Each structure stands twice: as C-alpha cells, then as structure tokens.
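J.: These protein sequences, in sequence, are chains W and S. Quick note on this note's numbering: the first sequence kicks off at 7 and runs consecutively. Quick note on this note's numbering: the second sequence kicks off at 7 and runs consecutively. All C-beta atoms, glycine included, are put in the ideal place defined by N, C-alpha and C. Because the structure is a prediction, the values reported are computed rather than measured. Next up is a structure, given as structure tokens.
Protein chains: 2
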Amino acid sequence: MNLDNFFKAKSVAIVGVSINPEKIGHVIFRNFLDANFRGRLFVVNPSVSEILGHESYKTVRAIPYHVDLVIVAVPANLILSVIKDCGKKNVKDVIIISAGFEEVGNYKLRDKLKKLLDCYGIRVIGPNCLGTFDAYSKLDSLFLPRYRLTRPHEGGISFVCQSGAAGSALLDLASKEGYGFAKFVSYGNAINVDEADIIEYLGNDKETKVICLYVEGIKEGNKFVEICKKVSKKKPIIALKGGTSEAGSKATLSHTGSLAGAAEVYEGVFRQCNIIRAHYLEDMFNYARILEKSIAPRGKRVQVITNGGGYGILCTDAIIENNLEMAEMDKKVLASLAKQMPPIVTMKNPMDLVGDADTNRYKIAIEAALCDKNVDIILLILLYQTPLLTPDVINIVTEFNNQKKKPIIVVSTGGEFTELLKHSLEETGVPCFTFPEQAVKGIRVLCWYYL
Amino acid sequence: MNLDNFFKAKSVAIVGVSINPEKIGHVIFRNFLDANFRGRLFVVNPSVSEILGHESYKTVRAIPYHVDLVIVAVPANLILSVIKDCGKKNVKDVIIISAGFEEVGNYKLRDKLKKLLDCYGIRVIGPNCLGTFDAYSKLDSLFLPRYRLTRPHEGGISFVCQSGAAGSALLDLASKEGYGFAKFVSYGNAINVDEADIIEYLGNDKETKVICLYVEGIKEGNKFVEICKKVSKKKPIIALKGGTSEAGSKATLSHTGSLAGAAEVYEGVFRQCNIIRAHYLEDMFNYARILEKSIAPRGKRVQVITNGGGYGILCTDAIIENNLEMAEMDKKVLASLAKQMPPIVTMKNPMDLVGDADTNRYKIAIEAALCDKNVDIILLILLYQTPLLTPDVINIVTEFNNQKKKPIIVVSTGGEFTELLKHSLEETGVPCFTFPEQAVKGIRVLCWYYL
Chain W
7 MNLDNFFKAK
17 SVAIVGVSIN
27 PEKIGHVIFR
37 NFLDANFRGR
47 LFVVNPSVSE
57 ILGHESYKTV
67 RAIPYHVDLV
77 IVAVPANLIL
87 SVIKDCGKKN
97 VKDVIIISAG
107 FEEVGNYKLR
117 DKLKKLLDCY
127 GIRVIGPNCL
137 GTFDAYSKLD
147 SLFLPRYRLT
157 RPHEGGISFV
167 CQSGAAGSAL
177 LDLASKEGYG
187 FAKFVSYGNA
197 INVDEADIIE
207 YLGNDKETKV
217 ICLYVEGIKE
227 GNKFVEICKK
237 VSKKKPIIAL
247 KGGTSEAGSK
257 ATLSHTGSLA
267 GAAEVYEGVF
277 RQCNIIRAHY
287 LEDMFNYARI
297 LEKSIAPRGK
307 RVQVITNGGG
317 YGILCTDAII
327 ENNLEMAEMD
337 KKVLASLAKQ
347 MPPIVTMKNP
357 MDLVGDADTN
367 RYKIAIEAAL
377 CDKNVDIILL
387 ILLYQTPLLT
397 PDVINIVTEF
407 NNQKKKPIIV
417 VSTGGEFTEL
427 LKHSLEETGV
437 PCFTFPEQAV
447 KGIRVLCWYY
457 L
Chain S
7 MNLDNFFKAK
17 SVAIVGVSIN
27 PEKIGHVIFR
37 NFLDANFRGR
47 LFVVNPSVSE
57 ILGHESYKTV
67 RAIPYHVDLV
77 IVAVPANLIL
87 SVIKDCGKKN
97 VKDVIIISAG
107 FEEVGNYKLR
117 DKLKKLLDCY
127 GIRVIGPNCL
137 GTFDAYSKLD
147 SLFLPRYRLT
157 RPHEGGISFV
167 CQSGAAGSAL
177 LDLASKEGYG
187 FAKFVSYGNA
197 INVDEADIIE
207 YLGNDKETKV
217 ICLYVEGIKE
227 GNKFVEICKK
237 VSKKKPIIAL
247 KGGTSEAGSK
257 ATLSHTGSLA
267 GAAEVYEGVF
277 RQCNIIRAHY
287 LEDMFNYARI
297 LEKSIAPRGK
307 RVQVITNGGG
317 YGILCTDAII
327 ENNLEMAEMD
337 KKVLASLAKQ
347 MPPIVTMKNP
357 MDLVGDADTN
367 RYKIAIEAAL
377 CDKNVDIILL
387 ILLYQTPLLT
397 PDVINIVTEF
407 NNQKKKPIIV
417 VSTGGEFTEL
427 LKHSLEETGV
437 PCFTFPEQAV
447 KGIRVLCWYY
457 L
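Right under this line is the structure:
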C-alpha cells in the first residue's frame, strides 16, 4: 500500500480548524505553520472566512487546487459528510483524528464510514488517532502542541504505535534524549490502514533503518505474519506488546477495542516473523538505537575496555547473563599491549585501563581489540569523571567506529558533562548507553538479529 | 564505630597538596574551598610555604590547632611517615586516598600500615578510595573536580561504594537526576573501616533514610550479617553485588582484591539480612527513591489512574508480572465516581481518565481511591503531552500525598516540559518514574520491605 501522502503530501487540507487556539484542528494548523511546512496548506471551516491570515474554505471541494492529504478533526457525527466531500474531490488519503467510533461502541458509524471509504477508494489512518509525523519532510499532523510534545530530529527509527498517548509520551522522551526518527504513526482504530500496511511501507522507506511497534492487538494475523516475515529480512522490527497479562488484556478491550489474546500466541507470532520482542518500554528504544547505528557483528565474543573496575565487572556479569561470550584476546597481542601500558593496567577481559587512563591509552587498547581475531564486539566504558580522560577520546572512538570493522558500543554514566560528550559521540554514529545492562541487552539483540 | 569525623569534622588537614592544580591533593583542596567548607582547613606540603593564600605546614604535627580529620593524598611509600605524624598529633580519623597496597600486590606495606594504625588507634577510610561526601555538612573529600562530578543536593539516600569509579559515575548521574543524598563513602581497600562499620553508622544517622551498597566482596561475613540484620529493621538497605558471574568474579580479584564468592552465597546472605537486592545499577536508585519518599503500604492492591490507555495497560502487565494485585474498588464508590465523570472514562482498573483529562478529573479519581478500603497503593500516570492537563495537577497530587494515607507513585514519560513538572513533584516528596516498569518494580520492593 502506497502511504506516501501520509508523510510527503505536497498539498494538505485541515478540516475543522477552529478559531479557538485550544481546539485540536487549530493546534494541528499551528503545528504546520510552526514546522514551516513547505507544501500548500488549506484550512476548511464553513463558519469563518479566514484563520491566522489563511483563507478558510467552506468544504474540501471548494479548494481550487488538488489536495494530496486531508486531515479531519471534526466531531464524529460530521465525519461522513466530510468523507463524501473528499471522495468527490478525488482525495485518496485522509487522516481521521476524531474519536467516537467502535472504541465507544459506535459500530454502526464505523460500518457506514468503512463502506463510504470503500466506495471512494480512500485510505484512512485512524480514526481515533494522533496522526503522522515525518522528521525529514516535516509533515506533522500530530494534534499536540510543540511546547508539550517536542518533535525529534532526523534519524533512522520509525515508530508505529497503536496507542496515541504512549506514542506521544515516547516521542517526546526520544526528542529529549536526542534519538533520531524517520517516521511516526499513531494509527488508532485502523479502519483500513493497519499496522501491517504501515510496516510494509516502512520496509521500503529508505530513511527507516529500524521499525518499532507498540501493539495491543493485531487484527489480521496472517497478513501481519506474511508482511513482517519479509520486512524483517530487510530491517529489524522491534515489538512491544501491551496487554500480556490477563488483566492487561482485558483493559485493551476498552482502550483500542482489540482482543489482545494470550501472550504466548503473540510470542509465537513474533518469533515466526523474526520480530525482536521488547519486554519493556525502555528496552524498545535501546534496542532500536543499537540496531539503527551498529554494523553487524561476526560473532558474540565481547571485549570490555574500561577506566572503572566496577563497571567492567558489571558488564562482565551482564555479558554472561545475556548468553554472550567474553572474548579472549590473542596472548601475543596482549603481551605487546602490556609493553605500551603502565603495569597497573589489567591485560585481561575486562581490560581495566584504570582511573588515570587518558585518550592515548584507550587508543592503543581499542586498536588492538579491533585487530584481534578473537574479538567480535568492543564494549567501551568511558567514565568522564576523571579529568585525565579528555574529550578528544571522542574523536578516536569516532575514527575507529567509522572504519566499520567491528561494532563499538559505549557505556557512560554521569551528569551534564557526561551527557554532553555522550550526545556528541552518538551524533557521530556510536551507540551510547547510560548503564552496563542496557548496552549488553542491546548487544544481545544485535547478535540475535544478525547471527 | 563512631565515624562522625569522616562526615562532620570541624577541622581538616589535607596532606599532599601540590601547587599543580591537576594533582589529586590540589583538587581536594579546591573542592573544599568551592564547597565553602565551614570548618578550619589546613594544607600540608613541606616544600612550599603557601598554596592559594593558605599557609602550608611542613607536617600534620606542625599545625597549631587540633585536627579532627586528615586526608592523605601522597604516594604510597610516604604513607607510613604521615600516619606516624598523625598518631603523634593524636589524630584519630584519616582518609587515605592513595593507592599502591594489596590491589597491586603490596601486602607488606598493607601489613605495616595496619600495625601502625592499631598502635595509634587510628580509623582509616581507604586506602585506594575516592573519599567521603556529606550533602548536609558539605564535607567533601572526593578527589574529582566539580565540573566533572557534580555533587548531589541534600536528601535521604546514602551510598556506600566499594568501587570508586562506579561510585563517582553514579553520584554524578544522581546529581543530574536530582536525587537527594545524605552521605557517600567510597571505602576502597577497607583497611580497618569496612562496609559493615559504615552501614552500622548510617543506621544511626538521622539524615539517612535508605542505604545503598555496591559491593564486590564482603570480608567479614558474620559481622556483616549481624550488623545488617539490625540496621535493616530500622531502614532499608539495597545492595548491588558486582561479580555475580564466574568471569565477573575473577575480575574483582584484580579490582578490589576481594574474593567475590558464588552469587548464591551472597543471595543467601542478603536474604538473611533482609537486604533488598538490586540486580541492575538502574534499579538501585529507583528502589532507593521510592523507599526514601514513600510511606508504608498496608497491602499490595494497586489502583492505576491514567490519562493514557496504553500506559495503563503496560502498568497492569507490570503489576501482574511483579506479583502485585490490581485493586478492585468498591462498586458504590465507582458508581458515584461515574456520575462525576464524562461517559468515556473507564471506571475500572486501570481507570482511564482519557486524553482530555484535566486536573479536576484526577482530583476526583485520586480522592475516591484514597478513601476506598480496597485500595492500598495508587499508581498515577500523568502524561503531560496533552494541553488540558495543566501543571496545577502537581498541587493536587502533593496535597493528597501530604495526607500520608496511602503511597502515591507517579509515572510520567516525556521531554523537557515533563521533566520540569516531574522534578517539581519529586521535590514535594512524591516518587516519580519515567517508565511504568520502573515504578512497579519499585512498588514491589516497597511491599517486600514493609509487608
């Protein structure tokens, strides 16, 4: 299914733009203005003649230009007439933000809407959804104001979310953390575009490197499996399933109206599709970030290099717990390394460069691990609290990472200074984590996907 | 053991203050100046007459005042003469920052030092440690500069850490996150003050509400068990054990020189002492924060109140997974609640106040849950992305929390705006978490400790 218009429309009409700045339609309109949307933008509101200097049209049909995408934010009882209008105007893509369909028991309205969409051949994202966001084209139909929900910058993560609130909260968090996004879709009731259609589209989207999915219930299981099997060969899909417990499953009924089904069934479906399952929200983006940035490892032997002994030990514990292996570097390489290091440095795994390690000590150690045939992955701990570790260590790590020989994953825990250096390093394409366990769980997923 | 001087000394001498601002002794001295230490401060360096306007004494004995605490940052080979000097001056408390003892195989020097300490009756924190920090008295002997390692503000968490690097990284992180601390100790080789002595002291410290411990190896098992059994009755102890895997355990040998021992042994020791075990670094402070702030629950029935359906479901899943119970509110209470709410609100558990929930809707819901005898704990989800949820919700939650009827725990995920409101709420004493799973794991620990 070609969903281009939902992300790259060149002409957009928003139906239901109130002059009241608190109303949803108005917020969407404002967001388009604030995002400097580069296409043509039209507002539809029959009761006024202009809004914020933009001419207001009485209907979609009254717009004297072709319209790629219509965004509808009117009460549910007005939807059918708006859709008829779109159909007559030959609009093929519509986002229906409005709620008031099966999630409140109004199956009749849902069925009527569905029939009308079939009749005109209109694709709809929604109803009862948050809309779409494209970090590259800047098309942004989310109805939440930017001061509340900051939009993320460009990157490789696309996020498909059945729950609007979860989607918006996570998008907002991701922006703060500096994670790069390609596309975001909150698809709500999925009247004729469902999660599988969106995943298929993202599978072919060149900006999307990894797909994240929050789902409570999948409506068409076979279609989902068929599509995800294909897409997961091209790029990783990470899924978080809401409603795995019986009590949680019951709650999904009144939320998205979907029957969640037994956790085991979904576990099986995900496995069948080679979908990476995230058990917790926090894991989802940690997995996404490592899969977005890292090259494929050739094996699961990890060499830990650290300037803090305790952190090396915690990484070692996590590596064993996650069924990865501690690399054993070649004895000759280690012997030659030892000659270049002060005697206090531990030439083992974890390799403890100790508290006074400077950039040069890291350089020598990383270089050796990159060349050693017994090492598949380098887990680098950079604790910036000690003044001898100068910020130029970032340049060294970046240079090595750009050689694309082996995955290099970094752990740095700390405050403002650490965050600054961590973000700089992430921007050059190195996956960085706050805690040892997060990094190692990420490495496990990386190995699971590629090996 | 009275360790007051390590945290509240009124007169402090630093031995080994170089004029080179990069040297450890100098950094400690600078930190004392920057922290506006309110006591008397002396520097000892025989080769200069003054440093930064402070008279430099040739020896500790040359200081013409009583000295409560001496901090030593000289090379290991000079330690014995400094200690003799301290002994003759009748100094009873010394922090030895210097490394170069058993951790590098120098058992002889360690034994000589120990004998000397016994002879003079001197208590030592260290050697090979980072030092101590007291957020209340502002005594700060950590040798890391403040621009690298930000110090946390006053609060109820005390952290005892065998590893200096782990300690400094976590302290720095905690400062950024705004967690409040009482005391911090990096005790290194623990020549005659060990983790048990420090825990015993913190057990009687009125500012310490909860004790966190990172430990690789415990030297005197029986003493540890005896002390922790007593202290854990007064306040919670949370422990993270480094070196639980065989490979990790081996690495502890060259790190803190301690034999880590089988994970199962430690698991047993912790259980025997009623110590809460954190499996991951991230968990440790999450547990500490909820235990620091929350009142004791009367049972484990949790009522979830949310403005995001998906988050309510994820919390429900986590509650079941963590062996807690979903509360079932009294039917009459629910019926009366329903009358005050719009029909779209789900009167169940999770109670979904839906996306347009405002402060008043939360107020009504929280009040009902607080009064309902079937509810023990309230898990509140506040997603601030929707503009109708105004910041005054914080006042309502604070008021209810101050009534101290039931634990109220909050989950908020988001960016800058969310963080601002989250921190404001935390400052009034409400434990707030970013992810549902963190909050629920915290609640599990809270129930485990009190029920």
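1. Using a Cβ-Cβ cutoff of 8 Å, what residues of the stretch 326-338 of chain S are near chain W? List them in chain order.
2. What separation, rounded to the nearest whole angstrom, lies between the Cα atoms of proline 158 of chain W and serine 192 of chain W?
3. Look up cysteine 458 of chain W in the DSSP assignment and say whether it is helix, strand or coil.
4. Mind listing the chain S neighbours of proline 151 of chain W? Cutoff is C-beta to C-beta under 7 Å, in chain order.
5. Is the CB-CB distance between alanine 257 of chain W and isoleucine 319 of chain S below 7 Å?
6. Between the C-alpha atoms of isoleucine 383 of chain S and leucine 389 of chain W, what's the straight-line distance to the nearest angstrom?
7. Between the C-alpha atoms of glycine 249 of chain W and valine 271 of chain W, what's the straight-line distance to the nearest angstrom?
8. Would you check if there are 3 or more beta carbon pairs closer than 8 Å linking the stretch 30-41 of chain W to the stretch 141-155 of chain W?
9. Thinking just about the alpha-carbon of each residue, which of W:Gly161, W:Asn329, W:Leu119 is nearest to the one in isoleucine 197 of chain W?
10. Using the Cα positions of isoleucine 30 of chain W and proline 437 of chain W, report the straight-line distance between them to the nearest angstrom.
11. So what does DSSP say about isoleucine 350 of chain W, is it helix, strand or coil?
12. Under 9 Å between beta-carbons, which chain S residues line up against threonine 2 of chain W? List them in chain order, please.
13. Hey, is tyrosine 368 of chain W's beta-carbon within less than 7 Å of any beta-carbon in chain S?
14. Around the Cβ of serine 342 of chain S, are there at least 16 other Cβ atoms within 10 angstroms (buried) or fewer (exposed)?
15. If I measure Cβ to Cβ from threonine 322 of chain W and keep anything under 8 Å in the same chain, skipping five residues before and after, which residues do I get?
16. Does any residue of chain S bring its CB to less than 7 Å from the CB of isoleucine 319 of chain W?
17. Are the stretch 78-92 of chain S and the stretch 168-178 of chain S touching by the rule of at least three beta carbon pairs closer than 8 Å?
18. Give the interface partners of glycine 274 of chain W over in chain S, defined as CB-CB distance under 9 Å, in chain order.
19. Under 7 Å, CB to CB, which of the residues in the stretch 176-195 of chain W have a partner in chain S?
20. Nearest CA to the CA of asparagine 26 of chain S: which residue from S:Asp140, S:Lys379, S:Leu58?
21. Starting from threonine 312 of chain W, follow its DSSP beta bridges and name the residues at the other end.
22. So if DSSP puts glutamate 61 of chain S in a beta bridge, which residue, or which two residues, is it bridged to?
23. Return helix, strand or coil for phenylalanine 38 of chain W, following the three-state DSSP convention.
24. Determine the DSSP secondary structure at arginine 129 of chain S, reduced to helix, strand or coil.
25. Within 7 Å of any Cβ in chain S, is that where the Cβ of proline 397 of chain W sits?
26. My understanding is that glutamate 288 of chain S touches glutamate 443 of chain W, with C-beta atoms under 8 Å, so please give their C-beta distance in whole angstroms.
27. Alpha carbons only, please: which of W:Gly448, W:Ala374, W:Gly45, W:Asn366 is nearest the one belonging to tyrosine 71 of chain W?
28. For leucine 427 of chain W and leucine 75 of chain S, I'd like the C-alpha separation in whole angstroms.
29. Spatial neighbours of lysine 16 of chain W within its chain, please: CB distance less than 6 Å, with the 5 preceding and 5 following residues excluded, ordered by chain position.
30. Using Cβ-Cβ distances below 9 Å, what residues of the stretch 156-176 of chain W are close to chain S?
31. Give the straight-line distance between the Cα atoms of lysine 182 of chain S and glutamate 425 of chain S, rounded to the nearest whole angstrom.
32. Can you look up alanine 333 of chain S in the DSSP assignment and give me helix, strand or coil?
33. Would you kindly work out how many angstroms separate the C-alpha atoms of isoleucine 440 of chain W and tyrosine 368 of chain W, rounded to a whole number?
34. Cα separation between serine 164 of chain S and threonine 214 of chain S?
35. Which value, in whole angstroms, describes the spacing of the CA atoms of lysine 345 of chain W and valine 351 of chain W?
36. Measure the CB-CB distance between valine 78 of chain W and valine 18 of chain W and report whether it falls below 7 Å.
T.: If we stick to the structure as given:
1. Ile326, Glu327, Met332
2. 15 Å
3. Nothing about residue 458 of chain W can be reported from this structure: the residues present for chain W run from 7 to 457 only.
4. Pro393
5. yes
6. 38 Å
7. 12 Å
8. yes
9. W:Leu119
10. 37 Å
11. coil
12. This structure cannot speak to residue 2 of chain W, because chain W is shown only from 7 to 457.
13. no
14. exposed
15. Val310, Met332, Asn355, Pro356
16. yes
17. no
18. Result: empty, since nearest Cβ-Cβ is about 18 Å, beyond 9 Å.
19. Leu176, Asp178, Leu179, Ser181, Lys182
20. S:Leu58
21. W:Asp358
22. S:Glu56
23. helix
24. strand
25. no
26. 7 Å
27. W:Gly45
28. 36 Å
29. Gly45, Asp74
30. Thr156, Cys167, Gln168, Ser169, Gly170, Ala171, Ala172, Gly173, Ser174, Ala175, Leu176
31. 12 Å
32. coil
33. Per the sequence presented here, residue 440 of chain W reads as threonine, with isoleucine not at that position. One C-alpha to the other measures close to 19 Å.
34. 6 Å
35. 11 Å
36. no
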